[in-house]
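The block underneath contains the structure these notes are about, expressed in structure tokens.
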Amino acid sequence: PQQNECQFQRLNALEPDNSVKSEAGTIETWNPNNDQLRCAGVALSRCTIQRNGLRRPFYTNAPQEIYIQQGRGIFGLIFPGCRETYEEPQEQEQGQGPRPQDRHQKVEHFREGDIIAVPTGVPFWMYNNEQTPVIAITLIDTTNLDNQLDQIPRRFYLSGNQEQEFLQYQQKEGGQGQQQEGGNEGGNVLSGFNDEFLEEAFSVDREIVRNIKGKNDDREGSIVEVKEGLKVISPPTLRPRQGREEEEEEEEEEEERRGDRRRHRPHHHEEEEEEEEWSHQVRRVRRPHHHREDRN
Amino acid sequence: GLEETLCTLKLRHNIGQSTSPDAYNPQAGRLKTLTSLDFPILRWLGLAAEHGSIYKNAMFVPYYNVNANSILYVLNGSAWFQVVDCSGNAVFNGELNEGQVLTIPQNYAVAIKSLDDNFSYVAFKTNDIPQIAALAGLTSSIRALPLDVVAHAFNLDRDQARQLKNNNPYKFLVPPPQSQLRAVA
Numbered sequence: 296p297q298q299n300e301c302q303f304q305r306l307n308a309l310e311p312d313n314s315v316k317s318e319a320g321t322i323e324t325w326n327p328n329n330d331q332l333r334c335a336g337v338a339l340s341r342c343t344i345q346r347n348g349l350r351r352p353f354y355t356n357a358p359q360e361i362y363i364q365q366g367r368g369i370f371g372l373i374f375p376g377c378r379e380t381y382e383e384p385q386e387q388e389q390g391q392g393p394r395p396q397d398r399h400q401k402v403e404h405f406r407e408g409d410i411i412a413v414p415t416g417v418p419f420w421m422y423n424n425e426q427t428p429v430i431a432i433t434l435i436d437t438t439n440l441d442n443q444l445d446q447i448p449r450r451f452y453l454s455g456n457q458e459q460e461f462l463q464y465q466q467k468e469g470g471q472g473q474q475q476e477g478g479n480e481g482g483n484v485l486s487g488f489n490d491e492f493l494e495e496a497f498s499v500d501r502e503i504v505r506n507i508k509g510k511n512d513d514r515e516g517s518i519v520e521v522k523e524g525l526k527v528i529s530p531p532t533l534r535p536r537q538g539r540e541e542e543e544e545e546e547e548e549e550e551e552r553r554g555d556r557r558r559h560r561p562h563h564h565e566e567e568e569e570e571e572e573w574s575h576q577v578r579r580v581r582r583p584h585h586h587r588e589d590r591n
Numbered sequence: 054g055l056e057e058t059l060c061t062l063k064l065r066h067n068i069g070q071s072t073s074p075d076a077y078n079p080q081a082g083r084l085k086t087l088t089s090l091d092f093p094i095l096r097w098l099g100l101a102a103e104h105g106s107i108y109k110n111a112m113f114v115p116y117y118n119v120n121a122n123s124i125l126y127v128l129n130g131s132a133w134f135q136v137v138d139c140s141g142n143a144v145f146n147g148e149l150n151e152g153q154v155l156t157i158p159q160n161y162a163v164a165i166k167s168l169d170d171n172f173s174y175v176a177f178k179t180n181d182i183p184q185i186a187a188l189a190g191l192t193s194s195i196r197a198l199p200l201d202v203v204a205h206a207f208n209l210d211r212d213q214a215r216q217l218k219n220n221n222p223y224k225f226l227v228p229p230p231q232s233q234l235r236a237v238a
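Those sequence lines, one after another, are chains A and B. Residue numbers for the first sequence, in the numbering used here: 296 to 591. Residue numbers for the second sequence, in the numbering used here: 54 to 238.
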């Protein structure tokens with residue numbers, strides 16, 4: 296923070312003062328130019344995602360910490376250069392060659408009370424696959440050393456043509472930000488490239504390029520509705536945990552809190568079974584000590 | 054003691070044309086990055102460097118610097134640069150010639166198309182272990198998204214989304230289209 300930015304005579308409770316409506320949700324923001332937030336070097340927003348709402352992938356110029364106030368869903372972080380480790384089995388269609396399978400990076404579930412940590416520059420998306428609206432509170436730490444730009448929080452969307460939620464303040468106040476950003480008509484990080492560049496870079500036709508640039512997209516905002524539901528590759532264990540499993544987890548947490556000696560033992564049944572199996576094998580090997588040829 | 058480590062510290066490392074590149078395509082060009090992992094003094098400086106040479110009409114796919122600003126100086130030849138900000142505005146769209154410098158801010162997307170066979174540059178990066186994230190090609194962020202997320206985020210059908218994810222088989226440097234391909238020795 297600049298000099299004297301944190302000399303407060305009085306602090307105030309703050310409410311979000313701007314709201315951007317999307318097709319399947321809303322993003323409310325607190326003015327990042329507020330003295331208190333500037334002093335702390337952070338920007339705050341509250342995102343509400345309706346059922347089947349997909350928050351388009353974006354990255355920010357500083358790390359984010361997201362708290363799930365309500366709801367459940369799935370999310371993904373795309374770590375640059377990492378492998379796509381979730382793979383669909385290859386399908387052989389009749390009379391045709393194998394159909395290209397999908398593969399992507401890890402997808403995770405979230406639920407109420409979760410904190411999601413998103414590093415600087417790492418694309419993030421989230422999706423609400425339940426009835427209850429998801430409410431997520433996001434903090435962007437703009438004075439973090441990872442941010443080498445100024446204190447203005449920036450969301451770089453990979454797709455769509457939505458406006459920048461935080462840059463609207465710069466535009467309203469006609470400050471430095473507006474001059475730097477050169478207006479705010481809405482777009483994504485790919486929409487500023489020439490069609491020829493994108494055709495060549497993605498090796499796709501002009502129609503797809505128009506979609507990449509968000510030109511064929513009249514859906515409102517950065518949260519879009521997936522009417523038929525989003526399909527992703529996800530192992531059964533990643534399904535939202537309910538009932539007994541949740542209780543077990545709470546019991547385990549309780550045990551850990553109590554300092555139960557059993558905490559050193561594996562928690563999961565599968566692990567216990569594996570250990571059991573392993574100990575059987577050990578016993579089988581150790582028992583006939585007198586037969587040297589059996590030892591291994 | 055300090056003198057044993059500091060006084061004999063390695064202070065020079067070559068990343069020019071002659072060294073073995075980190076990424077190489079005989080039809081597109083080469084890239085070499087120098088970080089504090091291979092040149093430890095860079096950790097003190099918090100800086101890194103990259104040397105690249107791109108053949109005529111080949112392209113460096115759109116990418117962004119995840120954790121650093123990049124100050125790029127053209128050593129030879131010329132190339133067409135496009136730099137895009139978070140609002141989708143092209144903040145630079147033009148030719149960069151020998152001796153010129155372009156600052157590419159952290160997280161801004163950039164793409165480069167070489168206009169010369171001998172185009173080469175050095176980029177100074179303000180982080181000792183800089184990371185870049187490609188937006189197109191084999192290691193791109195879009196390829197790592199689930200197919201349905203790509204389809205709905207970009208408003209494409211599943212087949213188009215599959216093309217967008219998979220059509221480009223190259224990592225960073227894309228050779229020129231077949232019609233413009235140079236003879237490879």
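Beta carbons: idealized from backbone N, C-alpha and C, even for Gly.
Practice item. Confirm, please, whether the CB-CB distance from residue 133/B to residue 28/B is below 8 angstroms. Key: As displayed, chain B neither begins before 54 nor continues past 238, which places residue 28/B out of reach and without an answer.
Exercise for review: Tell me, please, whether the CB atom of residue 199/B is closer than 8 angstroms to any CB atom in chain A?
Suggested key: yes
Review point. In this structure, what does DSSP give as the bridge partners for residue 205/B?
Key: Partner(s): none; residue 205/B has no beta bridge.
Practice item. Could you work out which residues of chain B lie near residue 454/A, taking near to mean beta carbons separated by less than 7 angstroms? Key: 206, 207
Practice item. Could you confirm whether any beta carbon from chain A is found closer than 8 angstroms to the beta carbon of residue 183/B? Key: no
**Study point:** Short CB-CB distance (under 8 angstroms) between residue 429/A and chain B
**Key:** no
**Study point:** For residue 365/A, the nearest candidate out of 495/A, 408/A, 382/A (CA to CA)
**Key:** 408/A
**Study point:** beta strand (DSSP E) runs wholly inside the region 336–369 of chain A, at least 3 long, in chain order
**Key:** 337–344, 348–355, 359–365
**Study point:** Residues of its chain near residue 307/A, where Cβ-Cβ distance is below 8 angstroms and the 5 sequence neighbours each way are ignored
**Key:** 331
Review point. At what residue ranges does the region 392–473 of chain A contain a whole run of the beta strand (DSSP E), taking only runs of 3 or more?
Key: 402–405, 410–413, 419–422, 429–436, 450–452
Review point. Smallest Cα separation from residue 68/B: which of 80/B, 88/B, 60/B, 57/B?
Key: 88/B
Exercise for review: At 9 angstroms on the CB atoms, spell out the chain B contacts of residue 366/A, in chain order.
Suggested key: Simply none; closest approach about 18 angstroms.
Check your understanding: Counting Cβ pairs closer than 8 angstroms, one from the region 106–116 of chain B and one from the region 154–165 of chain B, do we hit at least three?
Key -> yes
Check your understanding: Mind listing which residues of the region 490–512 of chain A have their C-beta closer than 9 angstroms to chain B's C-betas, in chain order?
Key -> 491, 492, 493, 495, 496, 497, 498, 499, 500, 502, 503, 506, 507, 508, 509, 511, 512
**Study point:** is_contact[residue 370/A, chain B] using C-beta, thresh 8 angstroms
**Key:** no
Point to revise | Three-state secondary structure assigned by DSSP to residue 325/A | key: coil
Exercise for review: Taking the CB atoms as reference points, tell me whether residue 418/A and residue 354/A lie closer together than 8 angstroms.
Suggested key: yes
Exercise for review: Taking residue 178/B and residue 121/B to be in contact with their CB atoms under 8 angstroms, please state how far apart those CB atoms are, rounded to whole angstroms.
Suggested key: 4 angstroms
Exercise for review: Specify, as a first and last residue, the run of the alpha helix (DSSP H) that residue 216/B falls within.
Suggested key: 211–219
Practice item. Apply the 10 Å Cβ neighbour rule to residue 506/A and answer buried if 16 or more other Cβ atoms are within range, or exposed otherwise. Key: buried
**Study point:** Through-space distance from residue 218/B to residue 195/B, alpha-carbon basis
**Key:** 6 angstroms
Review point. Can the beta-carbon of residue 371/A be found less than 8 angstroms from the beta-carbon of residue 401/A?
Key: yes
Point to revise | Residues near residue 106/B by beta carbon distance below 7 angstroms, same chain, minus five either side | key: 70, 82, 83, 172, 173
**Study point:** Within 8 angstroms of chain B by C-beta, residues of the region 317–338 of chain A in sequence order
**Key:** none
Practice item. Tell me where the beta strand (DSSP E) around residue 83/B begins and ends. Key: 82–87
Point to revise | Contact list for residue 217/B against chain A, beta-carbon separation under 9 angstroms | key: 497, 499, 503, 506, 507
Point to revise | Closer than 8 angstroms to chain A by CB, residue 156/B | key: no
Check your understanding: So which of 379/A, 347/A, 343/A has the shortest CA-CA distance to residue 362/A?
Key -> 343/A
Check your understanding: To which residues of the same chain is residue 131/B closer than 6 angstroms at the C-beta, ignoring the five residues directly before and after it?
Key -> 148, 150, 168, 169
Exercise for review: Tell me whether residue 202/B is buried or exposed, calling it buried when 16 or more other Cβ atoms sit within 10 Å of its Cβ.
Suggested key: buried
Check your understanding: Exposed or buried, what is residue 566/A when buried is set at 16 or more other beta-carbons lying within 10 Å of its beta-carbon?
Key -> Its pLDDT being 44, under 50, residue 566/A is placed unreliably in this model, and the value from its coordinates should be taken loosely. Classification of residue 566/A: exposed, given that the 10 Å Cβ count is below 16.
Point to revise | residue 396/A burial status per 10 Å Cβ neighbour count (16 or more: buried) | key: exposed
Point to revise | residue 183/B beta carbon less than 8 angstroms from that of residue 129/B | key: no
**Study point:** Sequence-distant residues of the same chain with beta carbon closer than 7 angstroms to residue 377/A, five excluded per side
**Key:** 400
Check your understanding: Any C-beta of chain B sitting closer than 8 angstroms to the C-beta of residue 302/A?
Key -> no
Practice item. Step through the CB atoms of chain A and report whether any lies within less than 8 angstroms of the CB of residue 67/B. Key: no
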